[in-house]
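Residue numbers (the working numbering), protein chains in the order written: chain A, 1 to 156; chain B, 157 to 231. Backbone N, C-alpha and C fix where the C-beta goes; we use that ideal spot for every residue, glycine too.
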Amino acid sequence: MTTKKMAIIATKGTLDMAYPPFILASTAAALGYDVQIFFTFYGLQLLRKDLSDVKISPLANPAMPMPVPMPVMVQMLPGMESMATMMMKQKLKKHGVAPLEELRDLCLEADVKFIACQMTVDLFEFDKSEFIDQVEYGGASMFFGFAGETDICLFV
Amino acid sequence: MNFDKEFDASGMSCPLPIVKTKKALTDMESGQVLKVTATDCGAVKDMQAFADQTGNTLLSSTEEGGKYIFFMKKK
């Protein structure tokens, strides 16, 4: 039986959208898939050694369930983003959902390959020393070298 | 049922029960049995799907007082 393959393109850097790539990648790896994640644009934030700046905002996110209805004028007040992030992290913890760092480590342990988009790194002038060491840098054609052979390819 | 190793996934949510089951199986030998306890009801279908896709055998899947107990035989 040939090994199945999955590729994910991770383009978002918010706390909510950080979960799907890491959850799917760690699960696929557990099922025996060979997995690569291509991090581009805001997804690059998920490669930082320190993930504490990964946040969630109710602003422009009308589908986010809130404990009390909150008008947009209130959502934009200073401190609301930090508060929403704190509440979301508490909720994740209460429900036994792993912190992002743990899921990312589980991916790495399971040999999920992380590729950072070199163009976006240059565009946003990211400092590579702020990223974890297990990252390879490459471009779209490098990604297609793997993605073209996959059974599943997702854009998150 | 006899088992060779035990792993408690109580309180853990998707995908941890599966990912850590896979991890627990890694250093076991073929034919050995792993007992997994979980509280995530999603694990019931996930464990079966894990077994189906990886070739390990889910010997039993039961519920006891809000806990889900699985016995997985390594391929």
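Below-8 Å beta-carbon distance, residue i vs any chain C residue
| i | result |
| --- | --- |
| S26 (chain A) | In the structure shown, chain C cannot be found, because the protein chains are A and B. |
Backbone CA spacing between residue i and residue j [nearest angstrom]
| i | j | result |
| --- | --- | --- |
| Q75 (chain A) | K178 (chain B) | 42 Å |
| L47 (chain A) | I132 (chain A) | 6 Å |
| L15 (chain A) | S186 (chain B) | 39 Å |
| Y33 (chain A) | K176 (chain B) | 16 Å |
| D111 (chain A) | M184 (chain B) | 19 Å |
| A207 (chain B) | G13 (chain A) | 33 Å |
| L200 (chain B) | S217 (chain B) | The question names Leu, but residue 200 (chain B) is Val in the sequence shown. Whole-angstrom Cα-Cα distance: 7 Å. |
| T182 (chain B) | E149 (chain A) | 27 Å |
| M203 (chain B) | L214 (chain B) | 8 Å |
Proximal chain B residues relative to residue i, where beta-carbon distance stays under 9 Å
| i | result |
| --- | --- |
| L31 (chain A) | I174, K178, A205, F206, Q209, T210 |
| L106 (chain A) | P171, L172, V175, K176, K179 |
Close beta carbons around residue i, own chain, < 6 Å, minus the five adjacent residues each side
| i | result |
| --- | --- |
| V189 (chain B) | F159, D160, F227, K229 |
| A10 (chain A) | P21, I37, F39, G43, V156 |
| P171 (chain B) | none |
| K113 (chain A) | Q36 |
Cross-chain neighbours of residue i in chain A, by beta carbon under 7 Å
| i | result |
| --- | --- |
| M168 (chain B) | G96 |
Expected contact under 8 Å - CB spacing of residue i and residue j to nearest Å
| i | j | result |
| --- | --- | --- |
| L100 (chain A) | V54 (chain A) | 6 Å |
| K231 (chain B) | T210 (chain B) | 7 Å |
| I225 (chain B) | A30 (chain A) | With a Cβ gap of about 20 Å, I225 (chain B) and A30 (chain A) do not count as contacting. |
| F146 (chain A) | A7 (chain A) | 6 Å |
7 Å Cβ shell around residue i - same chain, five flanking residues per side excluded
| i | result |
| --- | --- |
| A84 (chain A) | I56, S57, P58 |
Neighbouring residues, chain B, relative to residue i (Cβ below 8 Å)
| i | result |
| --- | --- |
| I23 (chain A) | C170, P171 |
Quick one: any contact between the region 160-173 of chain B and the region 192-202 of chain B, if contact means 3 or more CB pairs under 8 Å? yes
Pairing CB atoms from the region 65-72 of chain A with CB atoms from the region 130-144 of chain A, are three or more of them under 8 Å?
-> no
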